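Enquirer:
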Amino acid sequence: MNAQATSFSADDLWIADSGASHHMTNTLSNMTNIAPYTSGDTIKIGNGEGLSISHIGTASLSGLHLNTIYHVPQLATNLLSVYQLCKDNNCWVIFDASNVYVQDKATKTLLFQGKSHKGLYPIPQSISPSIAIPKQPSSVISKQAFLGQQVHSTLWHQRFGHVSNDILHHMLKQSQLSVHPDATTLTDITEAEEPRFFKEANSEPEWQQAMVEEIEALTVQGTWIFVPRPSGKNVVGCKWIYKVKRNADGSIARHKARLVAQGFSQEPGIDFEETFSPVVLHTTVRIILSLAASNKWPLRQLDVKNAFLHGELQEEVYMRQPLGFEDVEHPDFVCRLQKSLYGLKQAPRAWNAKFTGYLPALGFCSSPSLIQLVIDDLSTVLDMKDMGTLTYFLGLQITYGSNGDLFVHQTKYCKDLLKRAGMEACKPSVTPCKPHSSVLRNEGSLLTDPTQFRSIVGALQYLTFTRPDIAFAVNSVCQFMQAPTDVHVGLVKRILRYLHGTLEYGLTFTTGSTSLTGYCDADWAGDPNSHRSTTGYVVFLGNYPVSWSSRKQSSVSLEVPLKQNTVH
Numbered sequence: 001m002n003a004q005a006t007s008f009s010a011d012d013l014w015i016a017d018s019g020a021s022h023h024m025t026n027t028l029s030n031m032t033n034i035a036p037y038t039s040g041d042t043i044k045i046g047n048g049e050g051l052s053i054s055h056i057g058t059a060s061l062s063g064l065h066l067n068t069i070y071h072v073p074q075l076a077t078n079l080l081s082v083y084q085l086c087k088d089n090n091c092w093v094i095f096d097a098s099n100v101y102v103q104d105k106a107t108k109t110l111l112f113q114g115k116s117h118k119g120l121y122p123i124p125q126s127i128s129p130s131i132a133i134p135k136q137p138s139s140v141i142s143k144q145a146f147l148g149q150q151v152h153s154t155l156w157h158q159r160f161g162h163v164s165n166d167i168l169h170h171m172l173k174q175s176q177l178s179v180h181p182d183a184t185t186l187t188d189i190t191e192a193e194e195p196r197f198f199k200e201a202n203s204e205p206e207w208q209q210a211m212v213e214e215i216e217a218l219t220v221q222g223t224w225i226f227v228p229r230p231s232g233k234n235v236v237g238c239k240w241i242y243k244v245k246r247n248a249d250g251s252i253a254r255h256k257a258r259l260v261a262q263g264f265s266q267e268p269g270i271d272f273e274e275t276f277s278p279v280v281l282h283t284t285v286r287i288i289l290s291l292a293a294s295n296k297w298p299l300r301q302l303d304v305k306n307a308f309l310h311g312e313l314q315e316e317v318y319m320r321q322p323l324g325f326e327d328v329e330h331p332d333f334v335c336r337l338q339k340s341l342y343g344l345k346q347a348p349r350a351w352n353a354k355f356t357g358y359l360p361a362l363g364f365c366s367s368p369s370l371i372q373l374v375i376d377d378l379s380t381v382l383d384m385k386d387m388g389t390l391t392y393f394l395g396l397q398i399t400y401g402s403n404g405d406l407f408v409h410q411t412k413y414c415k416d417l418l419k420r421a422g423m424e425a426c427k428p429s430v431t432p433c434k435p436h437s438s439v440l441r442n443e444g445s446l447l448t449d450p451t452q453f454r455s456i457v458g459a460l461q462y463l464t465f466t467r468p469d470i471a472f473a474v475n476s477v478c479q480f481m482q483a484p485t486d487v488h489v490g491l492v493k494r495i496l497r498y499l500h501g502t503l504e505y506g507l508t509f510t511t512g513s514t515s516l517t518g519y520c521d522a523d524w525a526g527d528p529n530s531h532r533s534t535t536g537y538v539v540f541l542g543n544y545p546v547s548w549s550s551r552k553q554s555s556v557s558l559e560v561p562l563k564q565n566t567v568h
């Protein structure tokens, strides 16, 4: 709902505060879903005093969701945490000298606009439906800036997290830094954090709900039964893994909590027999995309919810009860797994056997007219979701032309990689590597911690999925993974600089011939370190590449040819 603030009573007003860690109110009637707060924590204010929290709840503020609110009766005014507001609503909060704006990150819709009042930004509890904001293009709010300015002195003591004027005056006199009034600072949007531990996640409502949904899914599947701990049996642990799922445009799709078995303690031959690696071949995906473009096939994406949980276990596997969801009546029992679980060594193989067993029974065949029938049949045994037209798959972004062409690229993946390497603003390079240059294995100084180097190079390998132009350069830096030096880091940075200037590069598949053509070449002992040859090949299906590689010769013959001189 779009709305604009007018005049309201003090109890209905909330002050937007970037210094507040949580939403807080002094009026219990401002909250819904109220529950007593029993943790004993206090709210620390500017003078060092701790204010007690009596209740916790939720609220809807001018159409915005406030998921966690503390009721603090001694608080002078209602405080709205800017951090929590952005986190709960996936939005931007933008301030200028006269207004405060709340804008949805995904749709760029203006959710709220209010006026500043004596240096503060009040937001009312509710808005009259008759008051509306005129529609404005999203480009009006293109940057977010925070304006420092003088405010009325009587308001300072009402602000949470600020010290008194006397202390500020003393700090200014002692400071060696000059004061610049009306300074404007641009800041980045705060990214949604992924908790690493259960204690962190359990304090956030969205992660609590995600864990409840995961346990409910496991219960519906009949994943385990509680049994007394058997003697002489290996009992594996389990851990919660938290991940923020995002859409192709970077907006938050959902919060996902996954219960993972700690299968590293499983012993082969005892806890499992055979394993299976569910890895998709790049060439297979590219061939399917090429054939789809050539024949103008529609591409759709299906998702099996909790896929690995459908696999049937053949072995006896015991696991500790999940943290936070222990059985109250039998806290000492363990879980005997009936279905496979993420993290188990045999989980991929069990899922593959389950899924491939269903397809022949359904008479599965390659036919675009039967896609909905297949979905309906599989949905009777698997919890499936039709995700519509294929646009984002395994980091690949797919766009469709009006004539049936497919353009496959990894722009988002490339931007994320540059951000992880701290090179979003680097100077672009016209080539991924310096022509006719060779680097020795021991050239330069060894890195004290090669973790970042190896992580970036590994990510570059996946980027070659749609970028054959960097295959040779990536192959070169992969040869220095064991003992990278600062010189090798320079080679990786050169590749990243090239990517920064070619973010939109990818593969285009169009209708046409499906003839198979291959090309290969070698540089004949061109490697300066091992004196081996580097061989490269590329295979075209029609006019577009579907498979390519650049690799070093695996072995070299050490036999020395001898020549016999004959005297006549």
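So for the sequence shown, UniProt numbering puts the first residue at 1; every next one is plus one.
C-beta: ideal position from N, C-alpha, C; glycine also.
These numbers come from a predicted model, not from an experiment.
Going by other Cβ atoms of all chains shown within 10 Å of its Cβ, with 16 needed for buried, is residue 242 buried or exposed?
Expert: The residue given as residue 242 occupies position 242 in the sequence shown. Buried, since its Cβ has 16 or more Cβ neighbours within 10 Å.
Enquirer: CB-CB under 7 Å to residue 338, same chain, minus the five flanking residues each way: which ones, in chain order?
Expert: Sequence index remark: in the sequence shown, residue 338 carries index 338 (1-based). The answer, listed in chain order, is 222, 223, 224, 225 and 313.
Enquirer: In this structure, does DSSP put residue 433 in helix, strand or coil?
Expert: For the purposes of this step, residue 433 is taken as the residue at position 433 of the sequence shown. Coil, per DSSP.
Enquirer: Looking only at its own chain, which residues have a Cβ that is under 8 Å from the Cβ of residue 33, when we skip the five neighbours before and after it?
Expert: Position 33 of the sequence shown, counting from 1, holds the residue named residue 33. If we look at residue 33 and ignore the five residues flanking it on each side, its Cβ neighbours are 57 and 58.
Enquirer: Please name the residue in 311, 93 and 122 whose C-alpha comes closest to that of residue 109.
Expert: What you label residue 109 is simply residue 109 of the sequence shown in a count that begins at 1. Checked all of 311, 93 and 122; the closest Cα to residue 109 is 93.
Enquirer: Kindly indicate the opening and closing residues of the beta strand (DSSP E) around residue 67.
Expert: To locate residue 67, count along the sequence shown from 1; it is residue 67. Secondary structure note for residue 67: its beta strand (DSSP E) is the uninterrupted segment 64-71.
Enquirer: Where do the ends of the beta strand (DSSP E) carrying residue 240 lie?
Expert: If you number the sequence shown from 1, residue 240 lands on position 240. That run of the beta strand (DSSP E) goes 238-246.
Enquirer: Which stretch, first to last residue, makes up the alpha helix (DSSP H) that contains residue 221?
Expert: Taking the sequence shown and counting its residues from 1, one reaches residue 221 at position 221. Taken as a continuous stretch (DSSP letters only), the alpha helix (DSSP H) holding residue 221 covers 205-221.
Enquirer: Might you give, ordered along the chain, the residues of its own chain that have their beta carbon closer than 6 Å to the beta carbon of residue 121, omitting 5 neighbours on each side?
Expert: Numbered from its first residue, the sequence shown carries residue 121 at position 121. Excluding residues within five positions, the ones whose Cβ falls inside 6 Å are 16 and 100.
Enquirer: Roughly how many angstroms separate the alpha carbons of residue 542 and residue 514, rounded to a whole number?
Expert: Start at 1 with the first residue of the sequence shown, and residue 542 comes out as number 542. Start at 1 with the first residue of the sequence shown, and residue 514 comes out as number 514. Residue 542 and residue 514: Cα-Cα distance of roughly 4 Å.
Enquirer: Should residue 366 go down as buried or exposed, given a rule of 16 or more other Cβ atoms within 10 Å for buried?
Expert: Indexing the sequence shown from 1 puts residue 366 at position 366. Low local confidence applies: a pLDDT of 49 at residue 366 is under 50, so the model's placement there is unreliable, and no value is given.
Enquirer: Scan the segment 299-351 and note each continuous beta strand (DSSP E) run of 3 residues or more that stays entirely inside, going in chain order.
Expert: 300-304 and 334-337
Enquirer: Helix, strand or coil for residue 397, going by three-state DSSP, please let me know.
Expert: Taking the sequence shown and counting its residues from 1, the one referred to as residue 397 is at position 397. Three-state DSSP puts residue 397 in a strand.
Enquirer: Measuring CB to CB, does residue 67 end up less than 7 Å from residue 195?
Expert: What you label residue 67 is simply residue 67 of the sequence shown in a count that begins at 1. What you label residue 195 is simply residue 195 of the sequence shown in a count that begins at 1. Result no, Cβ atoms of residue 67 and residue 195 do not sit closer than 7 Å.
Enquirer: I think residue 299 touches residue 390, with their Cβ atoms under 8 Å apart; what is that distance to the nearest whole Å?
Expert: Sequence index remark: in the sequence shown, residue 299 carries index 299 (1-based). Sequence index remark: in the sequence shown, residue 390 carries index 390 (1-based). Yes, residue 299 and residue 390 are in contact; Cβ-Cβ is about 4 Å, under 8 Å.
Enquirer: Spatial neighbours of residue 228 within its chain, please: C-beta separation below 7 Å, excluding the five flanking residues on both sides.
Expert: The residue you call residue 228 lines up with position 228 of the sequence shown. If we look at residue 228 and ignore the five residues flanking it on each side, its Cβ neighbours are 333.
Enquirer: Please name the residue or residues paired with residue 83 in a DSSP beta bridge.
Expert: Taking the sequence shown and counting its residues from 1, the one referred to as residue 83 is at position 83. Paired residue(s): none; residue 83 is not in a bridge.
Enquirer: Taking 7 Å as the cut-off, decide whether the C-beta atoms of residue 506 and residue 466 are in contact.
Expert: In the sequence shown, residue 506 corresponds to position 506, counting from 1. In the sequence shown, residue 466 corresponds to position 466, counting from 1. Yes. Within cutoff.
Enquirer: Helix or strand or just coil, what does DSSP make of residue 547?
Expert: For this step, residue 547 is matched to residue 547 along the sequence shown. Three-state result, residue 547: strand.
Enquirer: Could you tell me the alpha carbon to alpha carbon distance between residue 284 and residue 38, rounded to whole angstroms?
Expert: Locating residue 284 in the sequence shown gives position 284, counting from the first residue. Locating residue 38 in the sequence shown gives position 38, counting from the first residue. Their Cα atoms are separated by approximately 57 Å.
Enquirer: Quick one: Cα of residue 403 to Cα of residue 296, how far?
Expert: Counting from one through the sequence shown, the residue named residue 403 turns up at place 403. Counting from one through the sequence shown, the residue named residue 296 turns up at place 296. So the alpha carbons of these two residues sit roughly 9 Å apart.
Enquirer: Is the beta carbon of residue 257 sitting closer than 7 Å to the one on residue 293?
Expert: Locating residue 257 in the sequence shown gives position 257, where the first residue counts as 1. Locating residue 293 in the sequence shown gives position 293, where the first residue counts as 1. The answer is no: Cβ separation not under 7 Å.
Enquirer: Between which two residues does the beta strand (DSSP E) carrying residue 261 extend?
Expert: Numbered from its first residue, the sequence shown carries residue 261 at position 261. Here the beta strand (DSSP E) through residue 261 covers 252-261.
Enquirer: Go through its chain and collect everything with a Cβ distance to residue 254's Cβ below 7 Å, but skip five positions before and after it.
Expert: In the sequence shown, counting from the first residue as 1, residue 254 sits at position 254. For residue 254, where only same-chain residues beyond five positions count, the Cβ hits under 7 Å are 245.
Enquirer: Count Cβ pairs between the segment 436-446 and the segment 407-427 that sit closer than 8 Å; are there 3 or more?
Expert: no
Enquirer: Checking the sheet assignment: what are the DSSP bridge partners for residue 226?
Expert: To locate residue 226, count along the sequence shown from 1; it is residue 226. Residue 226 is bridged to 335.
Enquirer: Quick one: what does DSSP say residue 15 is sitting in, helix, strand or coil?
Expert: Looking up residue 15 in the sequence shown gives position 15. Residue state, collapsed to three classes: strand.
Enquirer: Alpha carbon to alpha carbon, how far is residue 637 from residue 491?
Expert: No answer is possible for residue 637: it lies beyond the span of the chain, which begins at 1 and ends at 568.
Enquirer: Output yes or no for whether 7 Å exceeds the beta carbon distance between residue 323 and residue 480.
Expert: Position 323 of the sequence shown, counting from 1, holds the residue named residue 323. Position 480 of the sequence shown, counting from 1, holds the residue named residue 480. Result no, Cβ atoms of residue 323 and residue 480 do not sit closer than 7 Å.
Enquirer: DSSP three-state call for residue 500: helix, strand or coil?
Expert: In the sequence shown, counting from the first residue as 1, residue 500 sits at position 500. Looking at residue 500 - three-state DSSP - the assignment turns out to be helix.
Enquirer: Within its chain, find whatever has a CB closer than 7 Å to the CB of residue 459; leave out the 5 residues flanking it on each side and keep chain order.
Expert: The residue you call residue 459 lines up with position 459 of the sequence shown. If we look at residue 459 and ignore the five residues flanking it on each side, its Cβ neighbours are 417.
Enquirer: Apart from the five residues just before and just after residue 200, which ones in its own chain have a Cβ nearer than 7 Å to its Cβ?
Expert: As a working mapping, residue 200 is identified with position 200 in the sequence shown. Excluding positions up to five away in sequence, the list is empty.
Enquirer: What number of angstroms, rounded off, separates the C-alpha of residue 400 from the C-alpha of residue 406?
Expert: To locate residue 400, count along the sequence shown from 1; it is residue 400. To locate residue 406, count along the sequence shown from 1; it is residue 406. Their Cα atoms are separated by approximately 5 Å.
Enquirer: Hey, could you find the ends of the alpha helix (DSSP H) residue 456 is sitting in?
Expert: Taking the first residue of the sequence shown as position 1, residue 456 is located at position 456. Element bounds for residue 456: 451-463.
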